[in-house]
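Engineer: Sharing a structure with you now.
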């Protein structure tokens, strides 16, 4: 068994929490995470923050990557974060992305949502962010 095979795969949910019908970017992220060796679950359209948080718990993920283009990031992302913390899973890495104004990024970071990447961010940057923090936290769960 190689070292790569011995390593646990990062398990990630890609979510669109709320009313946002644009999923091209989320689908590109799903493929990129999969191609990077991660186990990917996509919530599809119109998942509520409650559904995203419950899926994260039920699927025992390491990461929730959230994407919104509709301007609801200051509402939906923190709600997912709060629900995940309330359910005792604060070790789950939360990553945000979409159309997020620069002035909103520090507000999201304060609530535990990291990254907050916009369109045009190299996929490698996002993947490395996820891999680095999961490795630092040592939070890849045995499966």
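Residue numbers (this note's numbering): 413 to 555.
Glycine included, C-beta positions come from ideal geometry on N, C-alpha and C.
(1) Using the rule of at least 16 other Cβ atoms within 10 Å of the residue's Cβ for burial, across every protein chain shown, is residue 502 buried or exposed?
(2) Could one say the Cβ of residue 421 lies closer than 8 Å to chain D's Cβ atoms, at least one of them?
(3) Specify, as a first and last residue, the run of the alpha helix (DSSP H) that residue 437 falls within.
(4) To the nearest angstrom, report how far apart residue 504 and residue 475 are at their CA atoms.
(5) Please name the residue, chosen from 420, 508 and 469, that lies closest to residue 521 on a Cα-to-Cα basis.
(6) Please confirm whether residue 434 and residue 486 have their CB atoms less than 8 Å apart.
(7) Quick one: Cα of residue 423 to Cα of residue 455, how far?
(8) Give me, in chain order, the residues of the same chain whose beta-carbon lies closer than 7 Å to that of residue 459; leave out the 5 immediate sequence neighbours on both sides.
Structural biologist: Result, derived from the coordinates:
(1) Counting from 1 along the chain shown, the entry for residue 502 is found at position 90. Its Cβ having fewer than 16 others within 10 Å, residue 502 is exposed.
(2) In summary, chain D is missing from the structure at hand, where a single protein chain is found.
(3) As a working mapping, residue 437 is identified with position 25 in the chain shown. Counted as a single uninterrupted DSSP element, the alpha helix (DSSP H) harbouring residue 437 occupies residues 436 to 447.
(4) Counting from 1 along the chain shown, the entry for residue 504 is found at position 92. Counting from 1 along the chain shown, the entry for residue 475 is found at position 63. Our two residues, residue 504 and residue 475, have alpha carbons roughly 5 Å apart in a direct line.
(5) Start at 1 with the first residue of the chain shown, and residue 521 comes out as number 109. From the listed residues 420, 508 and 469, the smallest Cα separation to residue 521 is found for 508.
(6) In the chain shown, the residue the question calls residue 434 occupies position 22. In the chain shown, the residue the question calls residue 486 occupies position 74. No, the Cβ-Cβ distance between residue 434 and residue 486 is not below 8 Å.
(7) Position 11 of the chain shown holds residue 423. Position 43 of the chain shown holds residue 455. The straight-line gap from Cα to Cα measures roughly 13 Å.
(8) One-based indexing of the chain shown puts residue 459 at position 47. In the same chain as residue 459, and ignoring 5 residues on each side of it, the C-beta atoms closer than 7 Å to its own belong to 427, 428 and 429, in chain order.
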